[in-house]
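Following: one structure in structure tokens, then a few remarks.
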Amino acid sequence: MAWTMVSCSDCGATMRRLGSPSPTALCAMCVDDGGAAMRESVHRASSARLEQRLGRFDGAGGFDGAELPAHPEKRWEKLAATAIDEHLRRLADAQPGRTGLVFIGPTGIGKTRAAIAMTRAVAAVEPAGVAAMTESDLLSPSVAPWELPTHVAQLLSNRHTIMIDEVGSVSRPADQIMAGWRTVVEHVHASPLPVLFIATTNRQSWSESGGLGEWMGAQSVSRLRECCEMATTGWTDHRINRDHLDWKNALLAGGRRGGDGA
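The sequence shown begins at 1 in the UniProt record's numbering and counts up by one.
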């Protein structure tokens, strides 16, 4: 088989090709440029789909502008920045691992806004593989119990960042909820991808008495605690500009995870 001289179909550069000439051929530079263009196209499409999903969350909350501060000061901001940095390093190095943050506290204090800000921070770097949903999406009451594990697995497949809002609110029998969460936690721990898990909940502790343990089941909570921190965004209901006094007093007294309420 002989070498022949051909021209790149894109830029016209002359190159050698083994075998008979073909009507189309790309030089190494144009192949690389094409790959970069393809990656950029996928990046834009993934970002657009994610923004469309995030648009389903309460727009009145101003979530379209939710971003993390450039210089974290509050406890939850520092935890979020640390989790994101660790996760992005793992993504860049293709290393498995898990990290996460669960935002707790009463309604209106900015939990969802914070979760969306974290989600966007990852998506700005690698939007393909980012999932954002509510617990009702995840454990949809319209899905039959025997189909729930498959439904959950499909939603989380190939996802490196998982944001789940309003944990503790879906309307399903308790045994089905716990079974669904077992599937979620198994996915988080078994995924070959690095996983960043982000959640929000009105339940205000990990405990089995009124907390996430009672909702998800003790085993699921135990495994989540291996990779997730718990934090709160404060005590002020920003919708009505009024403090949740019981929550504020508990935080200031050190009675909740999150310490200073920030």
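Heads up, the beta-carbon is just placed ideally off N, CA and C, and yes, glycines get one too.
Nearest candidate by alpha-carbon position, reference residue i, set the options
i      : options                        : result
Trp146 : Ala124, Ile116, Thr183         : Thr183
Leu155 : Glu226, Gly180, Ala45          : Gly180
Val188 : Asn158, Arg172, Glu166, Ala128 : Asn158
Arg113 : Arg75, Ala66, Pro149           : Ala66
Ala250 : Trp235, Arg242, Thr150, Met230 : Trp235
Arg172 : Ala218, Ser142, Gln52, His151  : Ser142
Ala231 : Leu101, Leu138, Arg90          : Leu101
Leu224 : Lys248, Arg120, Val185, Val167 : Val185
Leu50  : Ala92, Arg120, Thr82, Thr99    : Arg120
Glu229 : Ser136, Thr82, Gly168          : Thr82
Gln52  : Val130, Gln219, Leu68          : Val130
Burial state of residue i (16 or more Cβ within 10 Å)
i      : result
Val195 : buried
Thr201 : buried
Gly261 : Only weak support exists for where Gly261 lies, its pLDDT of 42 falling under 50; the coordinates are left without a value.
Asp165 : buried
His160 : buried
Ile84  : buried
Ala80  : buried
Leu252 : exposed
Met1   : Caution applies to Met1, whose pLDDT of 46 falls short of 50 and renders its modelled position unreliable; the value that the coordinates give is listed next. The residue is exposed, with fewer than 16 neighbouring Cβ atoms inside 10 Å.
Residues near residue i in its chain [Cβ-Cβ closer than 6 Å; skip 5 each side]
i      : result
Leu212 : Arg203, Trp206, Val221
Asp97  : Here the sequence assigns Gly to residue 97, which means Asp is not the residue at that position. Around Gly97: Arg90, Pro194.
His151 : Val143
Val167 : Glu135, Ala199, Thr201
Cβ-based neighbour list, residue i, same chain, cut-off 8 Å, excluding 5 preceding and 5 following
i      : result
Leu88  : Val122, Val125, Glu126
Ala48  : none
Lys78  : Pro72
Asp237 : Pro106, Thr107, Gly108, Ile109, Asp243, His244
Pairwise C-alpha distance: residue j and residue i
i      : j      : result
Gly259 : Gln95  : Low confidence applies here, because Gly259 scores a pLDDT of 38, under 50, leaving its location unreliable and the question unanswered by this model.
Ala199 : Ile104 : 9 Å
Gly110 : Ala144 : 33 Å
Glu214 : Asp175 : 11 Å
Thr134 : Gly254 : 30 Å
Cys227 : Ala153 : 20 Å
Ala70  : Ser191 : 30 Å
Thr107 : Arg242 : 11 Å
Lys74  : Met118 : 14 Å
Pro149 : Gly217 : 16 Å
His244 : Ser209 : 21 Å
Phe197 : Glu86  : 12 Å
Thr99  : Ile240 : 33 Å
Ala92  : Gln219 : 31 Å
Ser136 : Leu68  : 26 Å
Sequence-distant residues of the same chain with beta carbon closer than 7 Å to residue i, five excluded per side
i      : result
Thr233 : Trp76, Phe103, Gly105, Ile109, Gly110, Lys111, Ala114
Trp247 : Gly105, Pro106, Trp235
Ile177 : Leu139, Val170, Trp215
Closer than 9 Å to chain B by CB, residue i
i      : result
Glu208 : Among the chains of the structure shown, chain B does not appear; only one protein chain is present.
| message | Quick check on the DSSP output: what are the complete beta strand (DSSP E) runs of length 3 or more inside the segment 172–236, in order along the chain? | response | 194–201, 228–232, all fully within the segment 172–236.
| Counting only runs that start and end within the segment 54–94, where is the alpha helix (DSSP H) found for 4 or more residues in a row? | When DSSP assignments are scanned along the segment 54–94, the uninterrupted stretches of alpha helix (DSSP H) that are 4 or more residues long and fall wholly within it turn out to be 75–93.
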